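**Q**
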Amino acid sequence: MRMEPDSTAVRTAMWRALHVLIDKPPHVLDDTLSLQIAGVDDDDWQTRPDMDPERTGPNRSSIVARARVTEDTVTSSGVQQYVVLGAGLDTFAQRDKRTVRVFEVDAPATQAWKRERLDDLGLLVPERLRLVPVDFEAGESWLDKVVAAGLDPAIPTVVSMLGVTMYLTREAISATLRAAASLAAGSVMVFSYSRPIEMAPPEIRPILEGAAKGAAASGHPWLSLLTPDEAASLARDAGFGDVHTETSADLHNRYFADRHDGLSPIGGEDLVIATVGGG
Ligand SMILES: C[S@@+](CC[C@H](N)C(=O)[O-])C[C@H]1O[C@@H](n2cnc3c(N)ncnc32)[C@H](O)[C@@H]1O
């Protein structure tokens, strides 16, 4: 049977590459490797409706901004371990020039597909990257599995979960956060969430409504849309000390304020950055 990756993971990988290919520098994130992993080797993909340069600008900006904040957090925190929950076609392990050990966690089918692609491309870097299959909705502990794969729970770790919470039930989100909050003091969790569509600026709502319909039609319905208060509460209830929300407007101010091409993540995902033992 031919393995297929999660279609939402492929789409976000394409948006990361599209940013480099069509947006003017400076690029918020420089990742075209994801396109190679996706196996896209012609230009036809850029004509897909969900790659429309104008209409999907907010999605593209949001995806690169959330990845950039997270990767900067890994770098600035000086941790030696990074867990990427719902990694999809993430390429941090291949792009990072240091020695951070990366544990990518994803649903078994998508991850088996990615393992084969990385192997084909000679990008598996086993001494730096461990691929750990887990279904967050199946009651499995991602933490037990990454520890079995070599993570040291006694030292600080950065954990990310980007573009994933909307596809999970609240119970599964809480369980993944509780596990992260049980890591060593100083560990940091970064996760993104989408707000209920009615909270978005009016001009963004049709894009989000289209995205929600597309997600449901492709078998990946949005299950959890969160307000900023709900997202922060989920993190506090999971046991994190310091909990900080970074809105899409904050991300705009951080990375897009000096641009003159209208590119902006406003109305896209917000982030929660939560620290173990802070507060
Ligand atoms: C939109 S993609 C995001 C990928 C990547 N984090 C990024 O930002 O490009 C969502 C990812 O979450 C994973 N995912 C969704 N539901 C999951 C579940 N129940 N268990 C494990 N992974 C899941 C998908 O396989 C996919 O790789």
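For the record, in the sequence shown the residue sitting at position 45 is 44 according to numbering that gives the first Met the number 0, with numbers rising by one throughout. Don't be surprised by glycine CBs; every beta carbon is placed ideally from N, CA and C. No experiment lies behind these values; they were computed from the predicted model shown.
Kindly examine ligand 1 and report whether one of its heavy atoms sits closer than 7 angstroms to the Cβ of THR109.
**A** Yes - ligand 1 has a heavy atom lying nearer than 7 angstroms to the Cβ of THR109.
**Q** Sorry if obvious, but does the Cβ on ASP105 come closer than 7 angstroms to a heavy atom of ligand 1?
**A** Yes, since a heavy atom of ligand 1 falls inside the 7 angstroms radius drawn around the Cβ of ASP105.
**Q** Any heavy atom of ligand 1 closer than 7 angstroms to the beta-carbon of TYR254?
**A** TYR254 Cβ: outside cutoff for every heavy atom of ligand 1.
**Q** Excluding five sequence neighbours on each side, which residues of the same chain lie with their C-beta closer than 8 angstroms to the C-beta of THR226?
**A** Hits under 8 angstroms: ARG194, PRO195, MET198.
**Q** From the DSSP output, in three-state form, read off PHE102 for me.
**A** In the structure shown, PHE102 sits in a strand (DSSP, three-state: E or B).
**Q** From LYS23 to ALA273, what distance separates their C-alpha atoms?
**A** Distance between the alpha carbons of LYS23 and ALA273 is about 32 angstroms.
**Q** Using 7 angstroms as the cut-off, classify the Cβ of GLY85 as near or not near the heavy atoms of ligand 3, replying yes or no.
**A** Among the ligands modelled here, namely ligand 1, ligand 3 does not occur.
**Q** Given 8 angstroms as the limit, is there contact between the region 126 to 139 and the region 97 to 114, that is, 3 or more CB pairs closer than that?
**A** Short answer: they touch.
**Q** Given that a residue counts as buried once 16 or more other Cβ atoms are within 10 Å of its Cβ, and exposed if not, what is ARG94?
**A** So ARG94 ends up on the exposed side.
**Q** How many Å lie between VAL157 and ASP134 at the Cα?
**A** Roughly 20 angstroms separates the two Cα atoms.
**Q** Check for me: the alpha helix (DSSP H) holding HIS18 runs from which residue to which?
**A** Looking at the DSSP string, the run of the alpha helix (DSSP H) that includes HIS18 is 6 to 21.
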